[in-house]
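Report on the structure given below.
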Amino acid sequence: MIIAIDGPAASGKGTLGKRLAEHYGFAHLDTGLLYRAVARALMDRDIPLTDRDAAAHAAQNLDVSHLEDDTRLRGAAMGEAASVVSAYQPVRDALLAFQRQFAARKPGAVLDGRDIGTVVCPDADVKLFITASPEERARRRHLELQRRGEQAAYETILEDIRRRDERDMSRSTAPLKAAADALTLDTTDLDADAAFDAALKMVESSRS
Ligand code: CDP
Ligand code: CDP
1 MIIAIDGPAA SGKGTLGKRL AEHYGFAHLD TGLLYRAVAR ALMDRDIPLT DRDAAAHAAQ
61 NLDVSHLEDD TRLRGAAMGE AASVVSAYQP VRDALLAFQR QFAARKPGAV LDGRDIGTVV
121 CPDADVKLFI TASPEERARR RHLELQRRGE QAAYETILED IRRRDERDMS RSTAPLKAAA
181 DALTLDTTDL DADAAFDAAL KMVESSRS
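The letter at position 176 of the sequence shown is residue 176 when you use UniProt numbering, and the numbering goes up by one with no holes.
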């Protein structure tokens, strides 16, 4: 059983993916962490993000263990950098096999990202597309960064989110979009609990 979750930045994909995975006893992969880790590999070596060959090399040699526990990957700068390197086809190609192997885990897997329902797992049993208004997503990210102790103005975060959405939606390779057979959930007015309840109903109804 595969549950694919896609959507723009801070729509609540990760929170939802984790909770659905716990509910069903499935494995969960936040695929954004893979792209964030590729970006960080370059930044740690002072290699510009525009170096496509270096990005491809970093993706091919990525150590995918312990990404979940790495708090540095979750910073705002890393999300922005990830969206630059994620537009390179060889980077995406290098990360595909790992994601598909993960999706095959038994008894099931939940993967969240931008292209799970469209490219990574086009045959997923359930596809959810999670959205929320840019303002609500910026509000959430602002609170989250404050909790992490990162200083950032709400307006800056909103601009960053808009720019990143635009880049993710307009790239030629695996752009952010809902799969034709995805169920869309707008969480603008839903907190994490309400979003989980709504998503659970969608999963249950599409399984039966
Ligand atoms: O994975 P993604 O970037 O889509 O979002 P997330 O990391 O799951 O959620 C971003 C922040 O919004 C987290 O701090 C969540 O707790 C919060 N959140 C929320 O306030 N309401 C929701 N319906 C979902 C998430
Ligand atoms: O948590 P948030 O939604 O802000 O970002 P993320 O899911 O960690 O993804 C960071 C960046 O990686 C995105 O802006 C995308 O450019 C890229 N990404 C992607 O291209 N494909 C995926 N399956 C996941 C992330």
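Backbone N, C-alpha and C define an ideal beta-carbon position, used for all residues, glycine too.
In three-state DSSP terms, what is residue i?
{"i": "Ala152", "result": "coil"}
{"i": "Val84", "result": "helix"}
{"i": "Leu176", "result": "coil"}
{"i": "Asp70", "result": "coil"}
{"i": "residue 210", "result": "Only positions 1 to 208 of the chain appear in this structure, which leaves residue 210 out of reach."}
{"i": "Asp160", "result": "helix"}
{"i": "Lys106", "result": "coil"}
{"i": "Ser11", "result": "coil"}
{"i": "Ser208", "result": "coil"}
For residue i, which residues does DSSP report across the bridge?
{"i": "Gly113", "result": "Asp6"}
{"i": "Asp186", "result": "Thr131"}
{"i": "Asp63", "result": "The partner list for Asp63 (beta bridge, DSSP) is empty, contrary to what the question assumes."}
{"i": "Val126", "result": "Ile3"}
Give every residue of the same chain whose Cβ lies closer than 8 Å to the Cβ of residue i, excluding the five residues on either side of it in the sequence, and list them in chain order.
{"i": "Gly14", "result": "Asp30, Gly32, Asp112"}
{"i": "Ala195", "result": "Gly12, Thr15, Leu16, Ile130, Leu185, Thr187"}
Do you know how far the Cα of residue j is from the Cα of residue i?
{"i": "Ser26", "j": "Lys18", "result": "According to the sequence displayed, residue 26 carries Phe and not Ser. In a straight line, the C-alpha of Phe26 is about 9 Å away from that of Lys18."}
{"i": "Leu73", "j": "Ala178", "result": "26 Å"}
{"i": "Arg207", "j": "Thr131", "result": "22 Å"}
{"i": "Thr187", "j": "Glu136", "result": "9 Å"}
{"i": "Glu204", "j": "Tyr24", "result": "11 Å"}
{"i": "Asp158", "j": "Ala138", "result": "Note on residue identity: the sequence assigns Leu, not Asp, to residue 158. Answer to the nearest angstrom: the Cα atoms are 5 Å apart."}
{"i": "Gly117", "j": "Ala97", "result": "15 Å"}
{"i": "Leu103", "j": "Ala174", "result": "As written in the sequence, residue 103 is Ala, which differs from the Leu given in the question. Rounded to the nearest angstrom, the two C-alpha atoms are 18 Å apart."}
{"i": "His66", "j": "Leu190", "result": "31 Å"}
{"i": "Asp160", "j": "Gly108", "result": "34 Å"}
{"i": "Glu155", "j": "Asp165", "result": "15 Å"}
{"i": "Ala192", "j": "Arg36", "result": "24 Å"}
{"i": "Leu145", "j": "Ala152", "result": "7 Å"}
{"i": "Ala124", "j": "Gln101", "result": "13 Å"}
If you drop the 5 nearest sequence neighbours on each side, which residues of the same chain put their C-beta closer than 6 Å to that of residue i?
{"i": "Ala59", "result": "Val38, Val91, Ala94, Leu95"}
{"i": "Val110", "result": "Ile3, Gly17, Leu20, Ala21, Phe26, His28"}
{"i": "Gly79", "result": "none"}
{"i": "Ala81", "result": "Ala39, Leu49"}
{"i": "Leu34", "result": "Leu95"}
{"i": "Leu176", "result": "Arg114, Asp168, Met169"}
Using a Cβ cut-off of 8 Å (strictly closer), state whether residue i contacts chain B.
{"i": "Thr15", "result": "Checking the listed chains, one finds no chain B in this structure; it contains a single protein chain."}
What does the Cβ neighbour count give for residue i, buried or exposed, with the cut at 16 atoms within 10 Å?
{"i": "Gly7", "result": "buried"}
{"i": "Gly149", "result": "exposed"}
{"i": "Ala76", "result": "buried"}
{"i": "Gln99", "result": "buried"}
{"i": "Asp115", "result": "buried"}
{"i": "Leu20", "result": "buried"}
{"i": "Pro48", "result": "exposed"}
{"i": "Pro134", "result": "buried"}
{"i": "Leu143", "result": "exposed"}
{"i": "Ser170", "result": "exposed"}
{"i": "Lys106", "result": "exposed"}
{"i": "Ala180", "result": "exposed"}
{"i": "Arg147", "result": "exposed"}
{"i": "Ser86", "result": "buried"}
{"i": "Asp83", "result": "First, the residue type needs correcting, since residue 83 is Ser and not Asp in the sequence shown. Under this definition Ser83 is a buried residue."}
Closer than 7 Å by C-beta to residue i: which residues in its own chain qualify, once you throw out the five before and the five after it? Chain order, please.
{"i": "residue 209", "result": "What is shown of the chain runs 1 to 208, which leaves residue 209 out entirely."}
{"i": "Arg140", "result": "Ala10"}
{"i": "Val119", "result": "Ala174"}
What do you reckon, is the C-beta of residue i under 7 Å from a heavy atom of ligand 4?
{"i": "Arg163", "result": "Absence of ligand 4 is noted for the structure shown, with ligand 1 and ligand 2 being the only ligands found."}
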